[in-house]
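Peer 1:
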Amino acid sequence: MQSTKDNILAYLKRSGGAGVEAVASEFGLARMTVRQHLSGLERDGVVV
Numbered sequence: 003m004q005s006t007k008d009n010i011l012a013y014l015k016r017s018g019g020a021g022v023e024a025v026a027s028e029f030g031l032a033r034m035t036v037r038q039h040l041s042g043l044e045r046d047g048v049v050v
C-alpha cells in the first residue's frame, strides 16, 4: 500500500504539476494536510 505522500507524488507526475486545491480535492484531504505533504516532498528534494 502506498503512502499518501507517494500517491500525491504520483498524481503530480501524472498531471504535470498541480496546486494545493487540486491535490486536496483529488484525495479528499484538507489543504493544510496537502501543504504538509508537499513540504515533506520539497524537504526530501523530490519537488521544488
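In my numbering, each residue carries its 1-based index in the sequence shown increased by 2.
Glycine included, each C-beta is placed from N, C-alpha and C at the ideal position.
Note that the structure is predicted; figures quoted are calculated from it, not measured.
Can you tell me whether Val25 is helix, strand or coil according to DSSP?
Peer 2: It is helical.
Peer 1: Please check the pair Arg53 and Ala26, which I expect to be a contact at CB under 8 Å, by giving their CB distance rounded to whole angstroms.
Peer 2: Lying outside 3 to 50, the shown extent of the chain, residue 53 is not represented and no answer is given.
Peer 1: Does Val48 pass the burial test, meaning 16 or more other C-beta atoms within 10 Å, or should it be called exposed?
Peer 2: By the neighbour-count rule (16 or more Cβ atoms within 10 Å), Val48 is not buried but exposed.
Peer 1: For Leu11, collect the residues of the same chain with a Cβ closer than 7 Å to its Cβ; drop the 5 residues on either side in sequence, then sort them by chain order.
Peer 2: Cβ neighbours of Leu11 beyond the five flanking positions: Leu43 and Val48.
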